[in-house]
Amino acid sequence: MLTSRQLMKRAGISRATLNNYIQSGILPKPVVKKAEPGAGRAPRIGHFPDFSLEIIDRVAELKKRGIKMADVVSMIDHDQEKAKGPTPDKSRMDRRKSEGTAKIIPGDGLQLTLDQVTGPAYLVNGNFEVEWANQEAREEILGTSGGISGEITERNLFSLCLRSGPVRHADGAEDLLKFHLGIAKRRLSKSVLLSTDVDLSDPEVDILARLYDESEPAEPGMVLHAQINLAPRGEKDRWFDVYASFFREGVFFAFSPMDADHDSLMALLARRDIVIRDLLKRRKPYLTPLAVVVADIQNSVKICADLPPEEYFELINQVWGAMEPKLRNYYATYGKHVGDGMVYYFFPQPDSNYVLNALRCAHEMKAVMEDISAEWKKRKNWTNDLMLNIGLVEGREWFGTYQTPTHIEFTVLGDTINMAGRLSDFAREGSVWVTKNMLGQLTEKERQTMVFGIRRQDREGGDILVPNTYSRISNLVDLDNPKYEKFRDIAVLPVAEVVNVELKD
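Each position in the sequence shown, counted from 1, maps to that position plus 7 in our numbering.
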């Protein structure tokens, strides 16, 4: 038998890679034994059969051939079955098969809930800002037992741990930070990480920079694992197994005492849809920067009257379905909108400008609608032009959810969404309109990637675009005309029409 340390050293792999191989079913679950004298600080150490080295060598060989990890897992399982050698135990196989599904691992029949997680647990977003944390996490990790700030930018996990969290005094503080940093490296660059909190002291910045350099990027996986000693330095050890589970909304971390039965916790993490729904229900509203995109189909009432009901629903579902990949690509969050229009929120991201994401997404949505319009013109032999009128506004608002026992609806409170709706109503002929303030959030280089301005009439009465200019709504329409009276609440809002946006490579 080989200890985990011996196996890592001989195979030349990291702890993160070893844990990933265990979780994916490539390696058998270790046999945990009491540590021998002089074996280190861990009270218990995992042991692996000697053939584990051969398996790791086989994995390395397959990966060098460019084979995807999912196929590697299948091939390793096939090799083991063919050789009739030792195979992973049943509980490990059940655990691997349950990843990403709602299947429960066989056990005592009890289904663990978030309320019953006895150790610290928290959800962080892509910027590693804490969106939810249980009481244990607030007391033992974050140092926010009195409650977390309503300002999302004040919830950076690394800042809390370094500045006020009790975990900074733990024996395994650096190990825990490196575990998180290895995951953060997937999207957070070092420069972005070190600029997230200007209040960090120079020594704290130095620690974070050093640990970032020392941490290894986490390999993709449904669940990652680490063992961390949370006992204060010099006190009796308190070892925890720490699991990180990945969702579109962020990363969920759960701690469990190392001597506890983890089957119930792993079963909970396997029920991904239930976990994220429960987390989103518990997430408190927070104040955040965001961009709002409101898109309405022009003349939708007329189009509805022109089409049989089943075809109108088919059209709307086609529009929504065609937009979904674009919206996902730019990290959009769906918000409810009355009728057949759409509302989407764009939040700060670690590796991209959320304002630019919203503008690029709006431009792609416009192009998609043009393709759908051409398809339906050919199909129906009609003259209707299907056009999407889009309004974009950037602001700082409270983001939260409306909930029923079976439904969660994301919503934003404040003037930003109301202005975006008004601007979408103002837009005509499939145009995209944005506020001056939102374009002002872009860098000069980013603004140079787009064409925007105000259309004016030339001497012959034709429209020309005056680039890089803005105008107040009141200068673009006659507010004394009853038709435009509804725009009085945004009359002094400086805006511009976005004609073209260069898309990312």
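Don't be surprised by glycine CBs; every beta carbon is placed ideally from N, CA and C.
All values derive from a computational prediction rather than experimental measurement.
_With distance defined between alpha-carbon atoms, name the residue in G32, P37, E504 nearest to Q13._
Each of G32, P37, E504 was checked against the Cα of Q13, and the nearest Cα belongs to P37.
*asked:* Rounding to the nearest angstrom, what Cα-Cα distance links L218 and K185 in this structure?
replied: Rounded to whole angstroms, L218 to K185 spans 6 Å at the Cα level.
* **Three-state secondary structure (DSSP) of S98** => Residue placement at S98 is flagged as unreliable, the pLDDT there being 37, under the threshold of 50; a coordinate-derived value is accordingly withheld.
Original post:
In whole angstroms, what is the alpha-carbon distance linking W389 and L366?
Top reply: Whole-angstrom Cα-Cα distance: 31 Å.
Point to revise | I283 (DSSP reduced to helix, strand or coil) | key: Reduced to three states, the DSSP call for I283 is helix.
Distance check for Q142 and L237, CA to CA, integer angstroms please. Between L237 and Q142, the C-alpha separation is close to 16 Å.
Nearest CA to the CA of P296: which residue from V308, L334, F353? The shortest Cα separation from P296 among V308, L334, F353 belongs to F353.
Q | Length of the line joining the Cα atoms of M15 and V300 | A | Using only the alpha carbons, I get a separation of about 49 Å.
* To do: Give every residue of the same chain whose Cβ lies closer than 7 Å to the Cβ of Q410, excluding the five residues on either side of it in the sequence, and list them in chain order.
  => So the list reads K288, once near-sequence residues are dropped.
- Would you check if there are 3 or more beta carbon pairs closer than 8 Å linking the region 163 to 182 to the region 325 to 334? These segments do not touch.
Three-state secondary structure (DSSP) at V38?
In the three-state reduction of the DSSP assignment, V38 falls in the strand class, which pools E and B.
### Message
Can you find the residues in the same chain that come closer than 7 Å, C-beta to C-beta, to I20, ignoring five residues on each side of it along the sequence?
### Response
Excluding sequence positions up to five before and after I20, its CB lies within less than 7 Å of the CB of I63, all in the same chain and listed in chain order.
Just to confirm before moving on: does the CB-CB distance between V502 and K443 stay below 8 Å? Contact: yes.
**Report entry** Three or more C-beta pairs below 8 Å linking the region 457 to 467 and the region 489 to 505
**Finding:** Output reads yes: the region 489 to 505 touches the region 457 to 467.
Please state if the CB of G73 and the CB of S11 are separated by a distance shorter than 8 Å. Against a cut-off of 8 Å, the Cβ pair of G73 and S11 comes out as no contact.
Would you list the residues sitting across from R479 in a DSSP beta bridge?
According to DSSP, R479 bridges with P501.
**Report entry** Three-state secondary structure assigned by DSSP to F433
**Finding:** In the displayed model, F433 falls within a helix according to three-state DSSP.
On the DSSP letters alone, give me the boundaries of the alpha helix (DSSP H) that M372 sits inside. Start and end: 361 to 387.
- Does the distance from the C-beta atom of E401 to that of V362 stay below 8 Å? Result yes, Cβ atoms of E401 and V362 sit closer than 8 Å.
Q.
So, with DSSP's three-state summary, where would you put I461?
A. Note: I461 maps to strand in three-state DSSP.
Problem set entry | D313 versus A302: straight-line alpha-carbon distance, rounded | Taking the straight line from one Cα to the other gives about 21 Å.
Q. Ordered along the chain, which non-local residues of its own chain (more than five positions away) have a Cβ less than 8 Å from that of D470?
A. Here D470 has R462, R463, Q464 as same chain residues with Cβ atoms under 8 Å from its own Cβ, once five neighbours each way along the sequence are excluded.
Exercise. Quick one: grab the DSSP three-state call for R403.
Key: It is a strand residue.
| query | Under the three-state reduction of DSSP, which class applies to W139: helix, strand or coil? | reply | W139: strand per DSSP, three-state reduction.
With 16 other CB atoms within 10 Å as the buried threshold, where does A381 fall?
Flag for A381 reads exposed.
- request: Would you kindly check if the distance between the Cβ of T418 and the Cβ of G407 is under 8 Å?
  value: Cβ distance < 8 Å, so G407 and T418 count as in contact.
Is the region 197 to 207 touching the region 231 to 249 in the sense that three or more CB pairs, one from each, lie closer than 8 Å? Counting Cβ pairs under 8 Å, fewer than three are found: no touch.
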